[in-house]
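Chemist: Following this message is one structure expressed as structure tokens.
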């Protein structure tokens with residue numbers, strides 16, 4: 002397993018957990034303590050930072066520019082393909098979430114607003130998981146040193 006593949010595997014495990022755990026805690030705090038500023042700001046920051054985690058590889062690469070690791074066209078294509086795959090899965094997730102909610106309550110029923118933060122946390126987590134899993138799979142297609 003090469004270094005890029007190890008990084009993708011680590012990000013596949015760590016990044017969704019970084020969005021799922023604090024996001025779930027924030028939603029739980031809002032449900033148990035009410036809509037106070039601290040849990041709401043925690044939830045907002047988790048969503049904002051979780052939505053920007055896809056930029057992590059590019060930011061880390063810019064920070065470590067002094068090292069001799071060079072990104073080539075293959076790396077850029079892998080990041081692009083991972084983001085595209087994650088967007089496709091994200092749209093499918095939202096479509097399924099809407100259809101399941103509509104199917105459970107029926108055309109005359111109502112869906113509670115309390116479901117929406119959970120759907121949002123699930124979306125951020127799923128996006129990160131799919132993006133880094135796609136990168137891990139694409140890096141695995143090369144040889145040992147590629």
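In this note's numbering, the protein residues as written are 2 to 147.
Note that beta-carbon positions come from the ideal geometry of N, C-alpha and C, so glycine has one too.
Kindly confirm or deny that the region 98–114 and the region 44–57 touch, where touching means at least three C-beta pairs closer than 8 Å.
Modeler: The answer is no - the region 44–57 does not touch the region 98–114, with fewer than three Cβ pairs under 8 Å.
Chemist: Is there contact here, the region 90–100 with the region 11–21, by at least three beta-carbon pairs under 8 Å?
Modeler: At 8 Å Cβ cutoff, the stretches do not touch.
Chemist: Less than 7 Å between C-beta atoms, sequence neighbours within five positions excluded: which residues of the same chain meet that for residue 10?
Modeler: Within the same chain, residue 10 has close Cβ partners 137.
Chemist: So for residue 40, helix, strand or coil by DSSP?
Modeler: The answer is helix: DSSP assigns residue 40 an H, G or I state.
Chemist: Tell me where the alpha helix (DSSP H) around residue 117 begins and ends.
Modeler: From DSSP, the alpha helix (DSSP H) with residue 117 extends over 116–141.
Chemist: Span of the alpha helix (DSSP H) holding residue 54?
Modeler: Residue 54 -> no alpha helix (DSSP H), and no H or E assigned at all.
Chemist: Can you tell me whether DSSP reads residue 108 as helix, strand or coil?
Modeler: Of the three classes helix, strand and coil, the one that applies to residue 108 here is coil, per DSSP.
Chemist: If I'm right that residue 139 touches residue 79 with Cβ under 8 Å, what's the distance once you round it to whole angstroms?
Modeler: About 5 Å; that satisfies the 8 Å criterion.
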